[in-house]
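Quick note: to get our numbering, add 33 to the position in the sequence shown (first position is 1).
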Amino acid sequence: MMHLFDNHNHSQFSFDGKRSSVEECANAALSQGLSGMAFTDHCDFFVPAMKASYENLVPEVFDVPAQQEEIDRVQALIDNGGGNLKLLKGIEIGMHEDHHDDIRRTLAENSFDQVIASVHYLDGIDPFYGGYYEDKDWKLAYGHYLETIHTEMTWLRDFDIMGHFDYVVRYAPYPEACIRYRDFSDILDEMFRFIIHEGKALEINTKSYQEHKGRPVTLDTDVLIRYRELGGEIVSLGSDSHDPSRVGYGFSRFAGLLKSLGFRWTAHYEKRKLVQLPL
Ligand SMILES: [Zn+2]
């Protein structure tokens, strides 16, 4: 795999990264021939009550200095061993309307290579544990999630990659296992116009397209076609790995898909500056 960066990985510094470590993930990336990878550990200030009771979670930012030191340590090991892999320091910031000050402060007080902005919880609920979908049909459930990303990211602006726009589909109970462009054209257009104007990346989060309980989620190519039509060129690939065996999951397939649709680059950010590498 030439020139590909896996821009979305969770290490031992994420609350749900116990199966993972910076060093093991880096080794996995090296053995797959990736050019780089970013560690984007979770930072969610809002934690739904149910999840807090299941996992003893307290809302907090991960230990950023410790994560960055560990990335430096592993980068030195790679360099000394003659490996060719660039490690990036990232964060996946969970956007939530009740925590705007915490989010701003975290981004101001630390420096990162890249910031993924995403939504994990909405209306006080974690879709993973259910409840979110109960009083909604698929169209309302997915549409409301997209609207929430749009509202929060236009508020935040200080991010590089719009994370997993179809996260809400992963754990949904409906047969509709796809965000289709034709069903959500208005809101997707608004989201794309914003990220294109701001020079941010659309993430293809390949974890979404693994099977969950026998239900494969699909990526509607019309979504990518429309993004390009509107002028979108900046695309980031991320495996969302929480386990070294998932690093780079599906990358050849999705890189091939991007190429076939006319995309010429994949993107990542170094010290918050856009870098594009040819596909
Ligand atoms: Zn996420």
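Each residue gets a CB set at the ideal place from its N, CA and C atoms; glycine is no exception.
- The beta-carbon distance between leucine 307 and arginine 297, rounded to whole angstroms, is 14 Å. This is too long to meet the 8 Å contact definition.
- The three-state reading of DSSP puts arginine 203 in helix, counting H, G and I together.
- Excluding sequence positions up to five before and after phenylalanine 72, its CB lies within less than 8 Å of the CB of Asn42, His43, Ser44, Phe46, Val55, Cys58, Gln100, Ile104, Leu120, Leu121, Lys122 and Gly123, all in the same chain and listed in chain order.
- The criterion of a C-beta distance shorter than 8 Å is not satisfied by arginine 52 and aspartate 193.
- Beta-bridge annotation (DSSP): glutamine 309 is paired with Ala300.
- Assignment of phenylalanine 72 by DSSP, reduced to helix, strand and coil, places it in the strand class.
- Under the three-state reduction of DSSP, glutamate 209 is assigned to coil, being neither helix nor strand.
- Taking 8 Å as the cut-off, the beta carbon of glycine 127 is found closer than this to the beta carbon of histidine 75.
- Methionine 195 and glutamate 236 do touch by the CB rule: their CB atoms are close to 6 Å apart, below 8 Å.
- The stretch 221 to 228 makes no contact with the stretch 202 to 211, as fewer than three CB pairs between them are under 8 Å.
- Take the alpha-carbon of isoleucine 158 and the one of aspartate 222: they are about 26 Å apart.
- Rounded to the nearest whole angstrom, the C-alpha separation of lysine 246 and asparagine 113 is 42 Å.
- If you draw a straight line from the Cα of phenylalanine 161 to the Cα of isoleucine 258, it comes to about 29 Å.
- Taking glutamate 185 as reference, the option from His133, Tyr200 and Ile220 with the minimal CA-CA separation is His133.
- Straight-line spacing of the CA atoms in isoleucine 212 and lysine 240 works out to 15 Å.
- Between leucine 270 and threonine 299 the beta-carbon gap is near 6 Å, inside 8 Å, which marks them as a contact.
- Taken in chain order, the complete alpha helix (DSSP H) segments of 4 residues or longer contained in the stretch 169 to 199 are 171 to 189.
- Between the alpha carbons of histidine 275 and glycine 232 lies a gap of roughly 28 Å.
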